[in-house]
Structures are given as C-alpha cells and as structure tokens.
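Here the structure comes first, spelled out in structure tokens, and everything after it is commentary.
2 protein chains.
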Amino acid sequence: MRTKIDGELSLLERIRRRAKSTGTGLRLGIGDDCALLRLHPAEELAVTTDLSIAGRHFRLNWHPSESVGHRTLARGLSDLAAMGARPVAAFLSLGLPRELTIAHPRRKSRPQSPWIEGFLNGFLTLADLHNAPLAGGDLAESPVAVADIVLAGAVPRGRALLRSGARPGDLLYVTGKLGGASAGLQGLAKLMGGRGASRGRIPPGLQDSLAPHLYPQPRIVQGIYLQKRQLANAAIDLSDGLSTDLSHICAESGVFAEIDAAAIPIHPDATLDQALHGGEDYELLFSASPSARVPRAIAGVPITRIGRVLRTGRKGPSVTLITSRGSQPLDPAGWQHFS
Amino acid sequence: MRTKIDGELSLLERIRRRAKSTGTGLRLGIGDDCALLRLHPAEELAVTTDLSIAGRHFRLNWHPSESVGHRTLARGLSDLAAMGARPVAAFLSLGLPRELTIAHPRRKSRPQSPWIEGFLNGFLTLADLHNAPLAGGDLAESPVAVADIVLAGAVPRGRALLRSGARPGDLLYVTGKLGGASAGLQGLAKLMGGRGASRGRIPPGLQDSLAPHLYPQPRIVQGIYLQKRQLANAAIDLSDGLSTDLSHICAESGVFAEIDAAAIPIHPDATLDQALHGGEDYELLFSASPSARVPRAIAGVPITRIGRVLRTGRKGPSVTLITSRGSQPLDPAGWQHFS
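In order, the protein sequence lines correspond to chains A and B.
Add 57 to a position in the first sequence, counting from 1, and you land on the number used in the working numbering.
Add 57 to a position in the second sequence, counting from 1, and you land on the number used in the working numbering.
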C-alpha cells in the first residue's frame with residue numbers, strides 16, 4: 058500500500074490506524090511493499106478476488122456507504138465460506154472520485170463525514186466480526202468508484218470444499234433463506250425511485266426488509282463447520298443465483314441435479330423466481346452423501362434439503378426443477394458478466 | 058472468478074485456457090470460489106495489490122494494450138521483488154468498457170483483435186517469464202478501464218526484505234539505471250501529442266527509448282538473490298521515485314540518509330531530476346551493511362552504491378542530496394495519491 062509521507066494525517070494513515078494490524082496468520086500488515094502471512098504447516102491458502110463497480114454492483118445514490126463497504130467485503134468472505142476456509146487477511150483496492158474522500162462541502166454548518174468513512178465503517182465492522190484484518194491494498198483517484206476485494210483464508214491441506222466434488226446420489230442443501238437479497242433490491246429500487254427518498258438514507262421501518270440486500274451475512278461459520286466435519290462433498294456460495302450456481306457445481310463435477318420447488322426455503326418477502334435466480338443471497342449450496350449427518354441448523358442458520366445429484370450420461374439440461382405440475386428444465390438465469 | 062456456463066467460448070473461458078493452471082505452490086487455479094496455494098512449511102506468503110486506472114496510470118490512446126498488461130503485472134511483481142519473494146500466483150480483476158472486449162468493429166475487412174487480447178498477451182508473457190501463473194480474478198463491465206493486480210509470493214520465514222531494516226552505517230544501493238521510465242513517458246507524450254501518431258502504435262525506431270516506461274523489468278531475480286544471501290538490511294522498489302521511496306525507508310527504519318548526486322546511475326536518456334523523482338523505474342533500492350559483499354551486478358543488472366544511512370536524532374529532512382555545490386535537502390517529490 059502506498060503511504061503518505063508528509064506531516065498530515067492522510068487518508069491512508071487514517072485507514073492504517075483503524076485497521077487491525079495483526080490477526081491469526083497475519084505477520085505484517087499495511088506499511089511495507091507486501092503483507093506477510095504465515096500459515097500452520099498443515100494448512101493451505103485460499104485466495105479470492107471480487108471487483109465492485111459503481112452503477113453495476115452498487116449505486117452511490119441508492120446504497121448507504123456503510124452498505125457498500127459491507128457488501129464489498131461480504132462478497133470475498135462468502136467465497137472463503139464456500140471453501141470452508143477461515144479468514145486470514147483482507148486486501149482492499151479503492152478507486153474513488155475525490156469528492157467521496159472529503160467531507161461533504163455543501164453544508165458547512167453541519168458537515169457530513171466523507172463517504173469513505175461510512176464505507177470503512179461498514180467494511181471494518183464486518184471484518185472484525187469475522188477476524189479478517191485489513192492487511193493492505195491500494196488507493197487511487199478514479200472517475201468512477203471501484204472497489205476490488207481480496208480475501209486470503211486458511212484451510213487444512215486437501216480439505217477445501219470444491220465445486221467439483223459432487224457425486225451422483227448426493228443430496229443438495231442450502232443455508233438460510235433464498236431470494237431475500239433480490240426482494241430487498243426491488244424494495245430499495247422502489248424506495249429510491251419514489252418521492253422523499255434522500256440519497257443513501259434508509260427509513261428505519263424498512264431496515265429489516267432491505268437487510269438481506271444491504272447487509273448480507275457471509276456463512277463463514279457454517280462453511281468451516283462443514284469442512285471440519287467433512288460433511289460436504291461440494292460447495293459454492295449463492296452469489297449469482299441458485300439456478301446459475303447449481304449449474305456451476307454440475308459443470309465442475311460432471312453431474313446433473315434436480316431440485317424440488319416445494320422444498321426451497323423462500324425468504325418471506327421473496328417469490329420463487331427470486332429464490333431461484335435472484336443472486337447475492339450469499340448463502341451456501343452444498344452436496345452431501347445420503348449417509349452424512351447434516352444438522353438442521355448450524356450456528357442458528359437453518360439448513361434445508363432441496364434436491365439431489367443425478368448420474369450424468371443422459372442428454373438434456375443439467376438442472377431440473379420439480380414442481381406440482383411436473384418437471385421442467387431450470388436454465389441458469391442469474392447474473393452474467395459480458396453475456 | 059465468475060465463469061460462463063453457456064455453450065459459447067466466453068471471454069473468461071478464453072482467459073482460463075490461456076492461463077497456466079499450475080505452478081510451484083499453486084494447487085488450484087481459475088474455476089472455483091477460491092484458488093488454493095500451498096507453501097513449503099518453512100515459507101511465509103507475501104501479498105501485494107496495485108490498482109491501475111485508465112487516465113491515471115495509463116492512457117488507452119497512448120499505451121499499446123500489451124504495455125498496459127505488462128505494466129499492470131510488473132507493478133505487482135516489483136513489490137514481490139522488493140521483499141525478496143518468489144512469485145507463486147497472480148490474480149487479476151479487470152473492469153472494462155465493453156468495446157475493449159470485442160474485435161474493433163470499424164474495419165470489417167481487416168478486423169483488429171480486441172484490446173483485451175493485447176492486454177493478456179502483455180500480461181501473460183511477463184507472467185510466464187517470472188513463473189507467476191494467473192490463478193484467478195474477476196471481470197466486470199465498467200465505464201472506465203481499471204485493472205487491479207494481486208501477487209502472492211513465497212519467502213522463507215523471517216527472511217523477507219522489509220522497509221524497516223535499515224541501520225545507521227548501512228550503504229545504499231540501487232539496481233539498474235534510474236529515470237528511464239520518466240524519460241520514456243516524456244517521449245511517449247511527445248509522440249502521441251505530435252502529428253501522425255496512431256492510437257497505441259509505437260514506431261519501431263522509438264521502441265528502445267520508450268521501453269523503460271512501456272515494459273519495465275521487475276527485479277525478481279535480484280530481490281531473491283539479496284534475500285537468499287541475506288545481503289540487504291532493508292529494501293523497497295522504486296515505484297514512486299527515489300526521493301519518495303528512500304524517504305519511506307527512512308520513515309519505517311527511523312533513520313536519515315544521504316545520497317551522492319554524482320553516484321546515481323542515470324539512464325542515458327534521462328536527467329538527474331528524472332532519476333531522483335521520476336518513479337516507475339521499478340528498480341530496487343536497498344541498504345546493506347558495509348561488511349556485506351554486494352556484487353557489482355546481479356544476473357547482468359548493475360548494482361550501484363549511491364549513498365549511506367545516517368544516525369537519526371538530529372532535526373531536518375530525512376534525505377540529503379550531496380552535489381558538487383554542497384548538501385541540500387531532498388524532499389520527496391514522487392507520485393502521491395490524494396495529496
């Protein structure tokens with residue numbers, strides 16, 4: 058991370074002071090050319106990176122800055138959760154228009170704190186919760202706000218949960234409820250499109266229904282639980298939507314799958330369609346042997362059986378949805394970049 | 058990394074096929090929620106991230122796409138070099154306007170290959186040279202081109218070259234020649250500002266003089282050499298310029314330094330000012346004990362003694378420049394973000 062060397066308490070220096078400088082496995086944090094991570098000899102390192110861009114992954118005039126910071130980190134943590142890895146360190150590259158780094162100039166009597174302060178509040182609060190110290194990153198001026206998040210996590214050698222491990226006969230499970238993030242986004246769009254909505258301000262009465270979108274909870278604890286007990290044969294996090302992410306497991310494992318519409322744990326605010334294709338719920342989808350003792354809940358988060366893995370070899374779509382009216386192919390319809 | 062699942066050979070699939078899927082330490086590359094890295098038990102991991110933004114770190118109408126890809130990776134590799142680490146894996150997050158991902162539509166008779174192909178050529182050629190397999194990343198549409206590079210490297214535990222290790226009495230050295238990148242950028246600006254310059258095309262006669270800017274060579278081999286033989290007490294790469302980067306070493310080590318203007322290895326195309334403040338040379342600056350046997354060259358790259366580390370405690374600037382007309386403070390005047 059580039060550091061300022063003049064006398065002022067620069068933005069980077071402020072970040073450096075607020076970031077936890079050490080953690081389990083982090084030996085050297087912000088302030089040198091690289092951070093240094095040290096693992097237990099029996100561990101390997103899981104690394105993931107996710108790019109968030111204003112206007113595409115969030116909207117500056119819709120999302121509170123705390124939510125943007127939270128969501129940026131949650132995307133990366135969720136990838137670690139899907140591998141069953143414990144967080145070791147986070148790295149954040151921020152490209153920001155200058156106006157987002159300074160106090161809002163319009164109201165001198167009651168100056169608003171800079172956008173980046175709210176972003177860091179959201180980011181670091183979630184980072185502390187999951188013991189993911191901010192170990193480095195980069196900061197640059199940019200005409201459009203971009204945030205790239207890197208997470209490094211540790212997992213016992215050979216024990217990471219992969220997309221490619223699903224076997225015919227496995228049962229399929231998800232954590233939590235699905236579709237809430239999509240329903241929350243719809244609610245946010247309605248709120249911000251309506252009258253009286255002020256930039257990034259969420260009325261207290263709507264906080265709960267928008268929370269699955271604004272503040273998704275990565276399932277780190279649940280991923281580590283599955284990994285430690287070797288309960289799951291394959292896992293992925295639901296970032297693009299159940300239909301798309303399940304098709305990834307099928308493609309990487311060389312299998313087909315079918316899911317029961319009636320079994321899907323739909324969020325009370327959501328529709329079946331949102332639960333199937335909505336994306337950004339950041340719940341875990343995993344396959345487990347029929348003999349595995351999968352609990353009904355892990356750390357308070359319900360686990361629901363939604364379908365099964367089938368033998369490959371036949372023609373047709375990789376995922377089938379079973380409803381009361383029969384079977385139908387479930388085409389992936391989640392978020393796609395450059396599609 | 059998000060993957061496409063439809064039948065087409067998508068952009069991500071093309072990247073995945075071109076990227077080396079394995080390397081020393083890389084156990085699982087592109088295609089799952091995380092990449093997996095495995096180190097020798099006696100090693101620790103060095104991680105760095107650098108954000109490059111169009112209009113700030115490069116210009117789409119000045120720099121050939123190969124150069125943008127090369128420079129993106131070189132920035133990260135250079136941070137590993139400064140720690141004495143060997144590359145294990147690279148991660149690339151790209152935010153690109155759609156037009157940069159498709160063949161240039163204007164000339165149908167002789168379609169130009171997409172900008173991203175040239176970018177990847179430059180990136181992967183340098184990656185292969187330094188055994189830094191592309192292990193993951195992210196790809197999204199963005200109104201402005203941004204590239205965030207993450208490098209993970211391995212270094213024996215406790216042996217990384219830090220900025221904070223300089224001791225009074227140490228001698229200061231640099232690799233290679235300084236100022237060439239700054240002179241090259243000046244040449245590029247002149248070329249692109251003049252008549253007859255076509256977007257991103259460099260006339261063959263100018264390739265050599267622009268190379269230090271367009272294709273800087275990260276000093277991985279030299280950094281590992283210094284680390285293995287424990288020759289350097291402190292090191293940094295010259296990304297922001299000698300004046301700024303030396304002040305970082307002074308600040309982190311709690312020392313002062315003085316350098317001899319006459320000793321600085323100035324690139325033949327450059328001025329003293331460019332050598333002192335130019336930045337982006339990506340040479341290494343290091344301090345070594347007077348008793349250390351520092352060679353005159355490492356793998357063909359000259360090593361030049363340029364000054365010494367002084368005891369702290371007196372007032373005044375942290376870096377002094379000694380010229381034939383006496384001593385003068387050398388204020389950091391390199392690149393600063395949000396300054």
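Where a beta carbon is used, it is the ideal one built from N, C-alpha and C, also for glycine.
Quick caveat, the model's predicted, so the values are computed rather than measured.
The criterion of a C-beta distance shorter than 9 Å is not satisfied by A/S266 and A/A318.
In the three-state DSSP reduction, A/A138 falls in the helix class (H, G or I). Within the same chain, H127, L130 come within 6 Å of B/L183 by CB-CB distance, once the 5 residues on both sides are set aside. Interface residue (Cβ-Cβ distance to chain B less than 9 Å): A/A192 is classified as such. Against B/T106, the close residues of chain A are F148, S150, G193, G194, D195, V207, in the order they occur along the chain (beta-carbon pairs closer than 7 Å).
Inclusion of B/V104 and A/A160 in the CB contact set at 9 Å is not warranted, their separation being larger than that value. For B/I321, there is no enclosing alpha helix (DSSP H), as DSSP marks it with neither H nor E. Going by beta carbons, A/L342 and A/D302 fall inside the 9 Å limit. Sequence-distant partners of B/Q284 (beyond 5 residues in either direction) whose C-beta falls short of 8 Å from its own C-beta, in its chain, are M140, G141, A142, V212, P213, R216, A217, L218.
In this structure, A/G335 places its C-beta atom within 9 Å of the C-beta atom of A/A327. Interface annotation, A/A345: not in contact with chain B, CB-CB separation never under 9 Å. For A/L242, the enclosing alpha helix (DSSP H) has its first and last residue at 237 to 250. Across the set B/L177, B/L108, B/S135, the C-alpha of B/S135 shows the shortest separation from the C-alpha of B/H187. Taking 9 Å as the threshold, the shortest C-beta distance from B/I293 to chain A falls below it.
Between the C-alpha atoms of B/F313 and A/A92 there is a straight-line separation of about 24 Å. With a cutoff of 9 Å on beta-carbon distance, A/G262 and A/V201 are scored as not near each other.
With respect to B/A223, B/S310 sits close: the two C-beta atoms are nearer than 9 Å.
Judged by DSSP in its simplified three-state form, B/H161 adopts strand.
The alpha carbon of B/S221 has as its nearest neighbour, out of B/S239, B/R132, B/A345, B/L94, the alpha carbon of B/A345. For A/R113, the chain B residues whose C-beta falls within less than 8 Å of its own C-beta are A197, E198, S199, listed in chain order.
In this structure, DSSP gives A/E337 a state outside helix and strand, which the three-state scheme calls coil. Taking C-alpha positions only, B/D294 is separated from A/I259 by approximately 45 Å.
Within chain B, the residues D90, C91 have their CB atoms less than 7 Å from the CB of A/D136, given in chain order. Here B/P98 is not near B/A147, since their CB atoms are 9 Å or more apart. Membership of B/Q264 in the alpha helix (DSSP H) is indicated by the continuous run 264 to 271. Apart from sequence neighbours up to five positions away, the residues of its chain that approach B/S300 with a beta-carbon distance below 8 Å are L333, H334, V376, L387, D388, P389, A390, G391, ordered along the chain.
Buried is the label assigned to B/P273, since at least 16 other Cβ atoms lie within 10 Å of its Cβ.
With contacts defined by Cβ atoms closer than 9 Å, A/G194 and A/L151 form a contacting pair. In the displayed model, B/Q284 falls within a helix according to three-state DSSP. Apart from sequence neighbours up to five positions away, the residues of its chain that approach B/H120 with a beta-carbon distance below 8 Å are R128, L245, G257, L271, ordered along the chain.
With fewer than 16 other CB atoms across the displayed protein chains lying within 10 angstroms of its CB, A/E156 is exposed. In the DSSP annotation of this structure, the continuous segment of the alpha helix (DSSP H) that includes B/A184 starts and ends at 172 to 186. Per DSSP, the continuous beta strand (DSSP E) segment holding A/S150 begins and ends at 143 to 153. In the structure shown, A/Q274 falls within a coil segment according to DSSP collapsed to helix, strand and coil.
Shown here, A/A292 sits in a strand according to DSSP, grouped into three states. A residue is called buried when at least 16 other Cβ atoms come within 10 angstroms of its Cβ; B/T106 meets this threshold and is buried.
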